[in-house]
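Below is one structure, written out as structure tokens; comments come after it.
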Amino acid sequence: MSPKVTPLYERHRALGARFIEFAGWTMPVQYEGIISEHLAVRTRAGLFDLGHMGQVIVRGKDALPFLQYLTPNDVAALSPGKAQYSMFLYSSGGVVDDIIVYRVPDTAEYLVVVNAANTEKDLEWLNDHRSQHPEWSVEIEDMSARTGMLALQGPLAEPILQHLTSFDLGTLPSFGIVRTEVAGIATLVARTGYTGEDGFECYCPIERVVDLWDAILEAGQPLGLVPVGLGARDTLRIEAGLPLYGNELSPEITPLEAGLGWVIAWQKGAFLGREALERQRDQGPPRRLVGFELVERGGIPRHGYPVQFESDVVGTVTSGTVSPTLGKTIGMALIARHAAAPGRPLEILIRDRLVKAVQVKLPFYRRSRSTSRSV
Amino acid sequence: MAEVRDGLRYTRTHEWVRIEGDVAVVGVTDFAQSELGDITYLELPEPGTTVKQGDSMGVIESVKAASDIYAPVSGEVIEANKAVVDSPELVNKSPYDDAWLVKIKLSAPEEVDRLMDAEAYRKFLAETAAMA
């Protein structure tokens, strides 16, 4: 099967994008350059085409107990217009996918946004579980092919988007979602993102996504808005200490090992994977995800590179990159618990050289308080 | 369009060579830097290292990927460009001038004639693009 493209493909070509194949899609990896796009998002704003990601609507009388059972976070805590980061888990406690669950305002629906690489797998998994529970009345609708998704991220995201909507974005809190019009296009606007900056993820009918892209780019042009590809999307999320499924999360890695135990709402009762996670919590997870930075030059520590502590191999790099914001080379690694502690040294095998590093707390970067939403 | 300089020689692995007497000045081409993206790191051979034509003699790394640098000619490395190791972005900005990588004292000058000239390299790039 040939790779898929979003309706914005010709726009990306006209903007001089270079493309990569990702999860069966041909997507822009960069336009002007990864580092300049990264810095644009940190200082002004960037616009991302996220049409490759998956959107699933879960509705029906038992949508809540269904999702409550299949995710570790507390779905019941979501009032209309709120979202939460969460996961689908195997009974082993390993991760099927990491997701955002939105309780869509003015409806009885939940919108679940999933990774591009896992959309098919997630749908099969959801439908499997629904057929295992015929007592629940639940409808699962894959909206991915009909939904355009753009992300506008950066300290100037709000003023840019405000030009295009009459909804007062100042009243939209972090992880809030509202149904409104942007540039006259019916859009779900969510204050969520994957960069560590303030910003919005916008969902619209796919036949309008090109118009939405054009409108946002035009509104943002005077403020220095640029298109941003998947290359900078990765460097931004690594700086923000955010996991990428396939690297920091996988069927073999639990949320406890990945430092995401806060996602688990233990008080809510039964959920798939609970017993396994309880055991791991009680014994202490055998591995921990740590942040590190290189203390000497040696190239980029990439996924899979071995990590040593006191001459023993204790794990591998999950993700690594140069950090344009910090001017350092940073990474995350999943290592044996006994070796993990901020301040401790590590050695990363990069090609044939052991390169010295030091463990640091995550995240590497936090945006300044003046651009944080406290609402 | 990637810049191809007349008067230089080129390899199929996108290194360029400028001959100054019995010394070959070596770098990577505009096409190479454009394909790699933002260069973040370089490993260059130490002066005194002997290289054979076609050997991997170093590494050039960008955010996207790491790539070997191949010796276009045989000989002894007499100098490596420290400025480029300290500022890898020079490769993107000035691949033919400021970002020369190494100087090699030729041990087999006849090897130079087997490298592509500018015209042949331009054709090679066009063929590479057509196959993509």
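For the protein sequence lines, the chains are A and B, in the order given.
The letter at position 192 of the first sequence is residue 940 when you use the working numbering, and the numbering goes up by one with no holes.
The letter at position 33 of the second sequence is residue 99 when you use the working numbering, and the numbering goes up by one with no holes.
Ideal placement from N, C-alpha and C gives every residue a C-beta, glycine not left out.
Note that this is a predicted model, so its numbers are computed, not measured.
At a CB-CB cut-off below 7 Å, which residues of chain C make contact with ASP164/B?
Among the protein chains of the structure shown, namely A and B, there is no chain C.
For the alpha helix (DSSP H) that ALA934/A lies in, which residues bound it at each end?
Here residue 934/A refers to the residue found at position 186 when the first sequence is read from its first residue. Run containing ALA934/A: none in the alpha helix (DSSP H); it sits in the beta strand (DSSP E), 933-938.
List the residues of chain A that GLU69/B touches, going by C-beta distances under 7 Å, in chain order.
The count along the second sequence starts at 1 and reaches residue 69/B at position 3. Those do not exist, as GLU69/B stays about 17 Å from chain A at its closest Cβ, beyond 7 Å.
Is the number of C-beta pairs between the region 789-796 of chain A and the region 974-993 of chain A that are closer than 8 Å three or more?
yes
Shortest alpha-carbon distance to LEU156/B belongs to which of LEU172/B, GLY114/B and LEU108/B?
As a first step, residue 156/B must be located in the second sequence, where it is residue number 90. LEU156/B has its Cα closest to that of LEU108/B, out of LEU172/B, GLY114/B and LEU108/B.
Are the beta-carbon atoms belonging to PRO820/A and ARG851/A less than 7 Å from one another?
As a first step, residue 820/A is located in the first sequence; it is residue number 72 there, counting from the start. As a first step, residue 851/A is located in the first sequence; it is residue number 103 there, counting from the start. In this structure, ARG851/A does not lie closer than 7 Å to PRO820/A by Cβ.
Taking PRO1033/A as the reference, give the member of GLY1009/A, GLY989/A and TYR993/A with the closest Cα.
Locating residue 1033/A in the first sequence gives position 285, counting from the first residue. Minimum Cα distance to PRO1033/A is reached at GLY1009/A.
Taking the straight line between their C-alpha atoms, what separation do you get for MET182/B and ARG981/A?
Numbered from 1 along the second sequence, position 116 holds the residue referred to as residue 182/B. Numbered from 1 along the first sequence, position 233 holds the residue referred to as residue 981/A. The alpha-carbon atoms of MET182/B and ARG981/A are separated by roughly 39 Å.
Can you find at least 3 beta carbon pairs, one from the region 1049-1056 of chain A and one from the region 1091-1107 of chain A, that sit closer than 8 Å?
yes
Pick from GLY93/B, PRO175/B, TYR187/B and ALA132/B: whose alpha carbon is nearest that of ASP72/B?
Your numbering for residue 72/B matches position 6 in the second sequence. The shortest Cα separation from ASP72/B among GLY93/B, PRO175/B, TYR187/B and ALA132/B belongs to TYR187/B.
Closest by C-alpha distance to LEU1102/A, when choosing among GLU883/A, SER1116/A and GLY1047/A
Within the first sequence, numbered from 1, the residue matching residue 1102/A stands at position 354. Closest option to LEU1102/A, Cα to Cα, is GLY1047/A.
Short CB-CB distance (under 7 Å) between VAL129/B and chain A
If you number the second sequence from 1, residue 129/B lands on position 63. Taking Cβ atoms only, chain A reaches closer than 7 Å to VAL129/B, which makes this a yes.
What is the residue span of the beta strand (DSSP E) that GLU90/B lies within?
Indexing the second sequence from 1 puts residue 90/B at position 24. The residue asked about is misnamed: residue 90/B is Ala in this sequence, not Glu. From DSSP, the beta strand (DSSP E) with ALA90/B extends over 89-94.
May I have a chain-ordered list of the alpha helix (DSSP H) segments no shorter than 4 residues that lie completely inside the region 1009-1035 of chain A?
1022-1031
Among all the DSSP beta bridges, which residues are the ones paired with TRP773/A?
Against the first sequence, residue 773/A aligns to sequence position 25. Bridge partners of TRP773/A: LYS752/A and PHE770/A.
Return the CA-CA distance between LYS752/A and ILE768/A, expressed in angstroms with no decimal places.
In the first sequence, the residue the question calls residue 752/A occupies position 4. In the first sequence, the residue the question calls residue 768/A occupies position 20. Their Cα atoms are separated by approximately 11 Å.
For LEU756/A, count neighbouring C-beta atoms within 10 Å of its own C-beta (all shown protein chains included) and say buried if the count is 16 or more, exposed if not.
Stepping through the first sequence from its first residue, residue 756/A is reached at position 8. It is buried - the Cβ of LEU756/A has at least 16 other Cβ atoms within 10 Å.
Mind listing the chain B neighbours of THR1069/A? Cutoff is C-beta to C-beta under 8 Å, in chain order.
Within the first sequence, numbered from 1, the residue matching residue 1069/A stands at position 321. Near THR1069/A (Cβ distances below 8 Å), the residues of chain B are VAL129.
Using the DSSP secondary-structure output, state which residues sit across from GLY199/B in a beta bridge.
Given that chain B is displayed from residue 67 to residue 198, the structure contains no residue 199/B and the question cannot be resolved.
Contact defined as beta carbons within less than 8 Å: I believe ALA1105/A pairs with ALA938/A. What is the distance between those atoms, to the nearest angstrom?
Looking up residue 1105/A in the first sequence gives position 357. Looking up residue 938/A in the first sequence gives position 190. That belief does not hold up - the Cβ atoms of ALA1105/A and ALA938/A are roughly 36 Å apart, past 8 Å.
Starting from the beta carbon of THR774/A, find every residue of chain B whose beta carbon is closer than 7 Å, and list them in chain order.
On the first sequence, residue 774/A is found 26 positions in, with the first residue counted as 1. Those within 7 Å of THR774/A in chain B number zero; the least Cβ separation is about 13 Å.
For LEU815/A, count the other beta carbons within 10 Å of its own beta carbon; 16 or more makes it buried, fewer makes it exposed. Which is it?
As a first step, residue 815/A is located in the first sequence; it is residue number 67 there, counting from the start. Classification of LEU815/A: buried, given that the 10 Å Cβ count is 16 or more.
7 Å is my cut-off, CB to CB: does ASP152/B come that close to chain A?
Taking the second sequence and counting its residues from 1, the one referred to as residue 152/B is at position 86. It does not; no Cβ of chain A falls within 7 Å.
How big is the Cα-Cα spacing for ASP962/A and GLY1063/A?
Counted from its first residue, the first sequence places residue 962/A at position 214. Counted from its first residue, the first sequence places residue 1063/A at position 315. When rounded, the distance between both Cα atoms is 45 Å.
Quick one: is VAL1061/A buried, meaning 16 or more other Cβ sit within 10 Å of its Cβ, or exposed?
Start at 1 with the first residue of the first sequence, and residue 1061/A comes out as number 313. That one is exposed.
According to DSSP, is ARG1099/A helix, strand or coil?
The residue given as residue 1099/A occupies position 351 in the first sequence. In this structure, ARG1099/A counts as coil in the three-state DSSP scheme.
Which residues of the region 84-106 of chain B have a Cβ closer than 7 Å to any Cβ of chain A? Give them in chain order.
GLY103, ASP104 and THR106
Check the Cβ of THR983/A against every Cβ in chain B and list those closer than 7 Å, keeping chain order.
Translated into positions along the first sequence, residue 983/A becomes position 235. Within chain B, the residues near THR983/A are VAL129.
What's the call for SER133/B, buried or exposed, on a 16-neighbour Cβ count within 10 Å?
The count along the second sequence starts at 1 and reaches residue 133/B at position 67. So SER133/B ends up on the buried side.
Verify whether the separation of the beta carbon atoms of ILE805/A and GLY103/B is less than 7 Å.
Residue 805/A sits at position 57 when you count from the first residue of the first sequence. Residue 103/B sits at position 37 when you count from the first residue of the second sequence. Not a contact, by the Cβ cut-off of 7 Å.
Can you tell which of HIS1086/A, LEU978/A, ARG927/A and ALA1081/A has the C-alpha that lies nearest to the C-alpha of VAL1108/A?
As a working mapping, residue 1108/A is identified with position 360 in the first sequence. Per the Cα distances, ALA1081/A.
Within the region 780-847 of chain A, ranges of the alpha helix (DSSP H) (whole runs, at least 4 residues)
782-791 and 811-818
By Cβ distance, which residues of its chain are closer than 7 Å to VAL1043/A, with the 5 residues on each side in sequence left out?
Against the first sequence, residue 1043/A aligns to sequence position 295. Closer than 7 Å at the Cβ level, and outside the excluded window around VAL1043/A, lie LYS1104, ALA1105 and VAL1106.
What number of angstroms, rounded off, separates the C-alpha of VAL1123/A from the C-alpha of GLY1007/A?
Mapped onto the first sequence, residue 1123/A falls at position 375. Mapped onto the first sequence, residue 1007/A falls at position 259. Caution is warranted here: a pLDDT of 41 is assigned to VAL1123/A, below 50, making its placement in the model unreliable, and the coordinate value is therefore given only provisionally. VAL1123/A and GLY1007/A: Cα-Cα distance of roughly 26 Å.
What does VAL117/B reach in chain A if we use C-beta pairs closer than 9 Å?
Here the question's residue 117/B lines up with position 51 in the second sequence. Under the 9 Å cutoff, chain A gives no residues; its nearest Cβ is about 17 Å from VAL117/B.
Which chain B residues are close to GLY979/A, counting only those with a beta carbon under 8 Å from its beta carbon?
In the first sequence, the residue the question calls residue 979/A occupies position 231. The contacting residues are GLY103, VAL129 and LYS130.
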